[in-house]
Amino acid sequence: MKAVTWQGKRKVSVDEVPDPRIEQPTDAVVRITSTGVCGSDLHLYEVLGPFMDRGDVLGHEPMGIVEEVGSAVSGLSVGDRVVIPFQIACGTCWMCTRGLPTQCEVTQTRDQGTGAPIFGYSKLYGQVPGGQAELLRVPQAQFTHVKVPHGPADERFVYLSDVLPTAWQAVAYADVPDGGTLVVLGLGPIGDMACRIGQHRGYRVIGVDLVPERLQRGRDRGYEVVDLAAAGNDLGEVVRGMTDGRGADSVVDAVGMEAHGSPVTTVVQQAAGLLPDVLAKPLFKSAGVDRLGAIYSAIDLVRRGGTISLSGVYGGAADPMPLLTMFDKQITLRMGQANVKRWVPEILPLLTDGDPLGVDTFHTHAAPLAEAPQMYERFQKKQDGCVKVLLKP
Ligand SMILES: NC(=O)c1ccc[n+]([C@@H]2O[C@H](COP(=O)([O-])OP(=O)(O)OC[C@H]3O[C@@H](n4cnc5c(N)ncnc54)[C@H](O)[C@@H]3O)[C@@H](O)[C@H]2O)c1
Ligand SMILES: [Zn+2]
Ligand SMILES: [Zn+2]
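At position 130 of the sequence shown (counting the first as 1) the number is 129 in numbering that gives the first Met the number 0, and the numbers step up by one without a gap.
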């Protein structure tokens with residue numbers, strides 16, 4: 000089959016690889032019809048290279064048609080239309096039954112000390128072949144799927160794999176009071192969707208980014224935006240000026256570890272990128288290599304007693320954090336990979352009755368798998384108005 004593979008820093012290619020097969024009785028094989036490219040893939044493309052091997056199959060936002068089911072998979076049949084959550088979880092362990100499939104005790108990536116494995120997401124998360132491919136092997140298939148009806152186009156459901164539950168959890172964890180103000184940092188797919196969900200819930204939403212097309216997308220959806228390129232170091236003042244001098248009740252960081260405006264750590268990240276993997280890996284896990292521009296902004300512009308919700312992915316372990324300020328401002332901080340299936344029942348009604356979140360027109364680019372290399376580049380460089388790419392194997 001054809002698949003998108005990681006080849007090195009800022010290099011992916013489309014290669015012929017062996018077809019996946021049923022390896023465990025709990026597996027299924029799905030023929031992929033649509034599959035997203037995510038901001039998380041850009042971290043693999045750029046700074047997480049030390050955890051990748053050449054040839055690793057990328058992608059964790061797939062949907063398609065079940066082609067084969069293992070003998071132990073109940074509740075799933077050949078021909079079913081499914082979206083595959085980005086994390087692999089059993090559905091019945093202590094964590095899964097408490098709505099935390101990211102922490103599944105059956106599948107946890109114990110040798111790396113991380114939670115549930117993620118499709119196409121490096122050794123840190125189990126090095127499982129991903130879903131930017133014609134076929135995908137789905138482990139723990141009895142739980143690792145969301146069945147969706149035949150009929151509507153893939154665009155209606157494909158974001159259930161990641162964008163929708165991630166943005167949903169980001170807003171839920173932000174704990175916005177009724178009628179409160181939610182600031183969302185970053186208007187990529189995750190941030191934009193978090194803004195739409197905030198609007199849908201009746202909050203005042205302010206989105207922050209520095210890419211003109213992404214700011215315009217926000218204005219077009221009817222939420223307020225602040226241009227970081229213009230606000231610069233005064234972002235906190237700008238937001239306080241919009242919120243009675245107090246700051247936002249809640250802030251979602253939908254930027255993560257490659258934020259613009261973090262000059263010192265950009266240099267450190269680049270240096271780590273030049274080291275041999277054996278040195279770069281421990282440095283990445285234990286030292287301060289994140290570019291913290293966004294999280295620092297969040298701490299500044301949240302009001303005293305407010306809540307910060309991190310959905311942007313961070314990687315380092317010992318970054319300097321302004322703990323005095325965080326403690327003094329009495330901030331609540333929540334974070335993590337999205338517990339996909341925890342939120343699906345709440346989201347599904349918004350996909351069947353009309354389209355209040357605008358998912359049908361959410362992607363800006365659709366392309367055959369063969370064009371993945373150009374699409375990765377366009378998405379990373381934010382060229383041609385690129386916000387969300389769907390590949391069509
Ligand atoms: N928690 C999860 O389960 C989960 C799931 C998916 C994605 N993510 C993470 O969410 C983040 C966003 O993903 P995406 O797909 O939207 O990617 P993206 O890279 O398209 O979006 C990031 C946006 O942040 C903007 N930005 C950069 N620096 C900024 C700053 N200092 N202040 C404000 N905005 C800034 C960029 O211009 C860009 O528009 C990534 O870190 C990704 O890894 C997390
Ligand atoms: Zn994703
Ligand atoms: Zn489990």
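Heads up, the beta-carbon is just placed ideally off N, CA and C, and yes, glycines get one too.
Where does residue i fall in DSSP's three states?
i      : result
Val358 : coil
Gln6   : strand
Ala140 : coil
Gln268 : helix
Leu134 : strand
Glu45  : helix
Gly292 : helix
Leu347 : coil
Leu389 : strand
Ser73  : coil
Leu181 : strand
Ser39  : helix
Gln395 : Outside the displayed span of the chain (0 to 392) sits residue 395, for which this structure offers no information.
Val81  : strand
Around the Cβ of residue i, are there at least 16 other Cβ atoms within 10 angstroms (buried) or fewer (exposed)?
i      : result
His144 : buried
Ser73  : exposed
Trp93  : exposed
Thr324 : exposed
Lys387 : buried
Ala253 : buried
Ala169 : buried
Phe378 : buried
Lys380 : exposed
Gln139 : buried
Phe156 : buried
Asn338 : buried
His199 : exposed
His42  : buried
Asp191 : buried
Gln269 : exposed
Give me the Cα-Cα distance between residue i and residue j, rounded to the nearest whole angstrom.
i      : j      : result
Val343 : Leu356 : 14 Å
Val11  : Tyr44  : 8 Å
Ile298 : Met51  : 32 Å
Asp248 : Val225 : 17 Å
Arg53  : Gly7   : 7 Å
Gly201 : Leu181 : 10 Å
Asp383 : Ala71  : 46 Å
Leu234 : Gly197 : 21 Å
Val16  : His364 : 25 Å
His259 : Arg109 : 33 Å
Thr351 : Leu163 : 14 Å
Gln373 : Gly244 : 45 Å
Thr106 : Gly221 : 41 Å
Gly98  : Glu66  : 28 Å
With C-beta atoms as the reference, is residue i less than 9 Å away from residue j?
i      : j      : result
Gly217 : Cys194 : yes
Val13  : Ile21  : no
Pro61  : Ser33  : yes
Glu212 : Val358 : no
Met256 : Val46  : yes
Ala173 : Ile189 : no
Met334 : Ser310 : yes
Gly292 : Lys328 : no
Leu57  : Gly114 : no
Gly48  : Asp289 : no
Gly63  : Leu159 : no
Thr101 : Phe142 : no
Leu368 : Ala2   : yes
Leu75  : Val82  : no
Ile330 : Thr360 : no
Val207 : Ala171 : no
Ile205 : Val175 : no
| Those residues, in chain order, that have a beta-carbon closer than 7 Å to some heavy atom of ligand 3 | Ala88, Cys89, Gly90, Thr91, Cys92, Met94, Cys95, Pro100, Cys103, Glu104, Val105 and Thr106
Which residues count as close to ligand 2 when the rule is a CB under 6 Å from any of its heavy atoms, in chain order? Cys37, Ser39, His59, Glu60, Phe85 and Asp161
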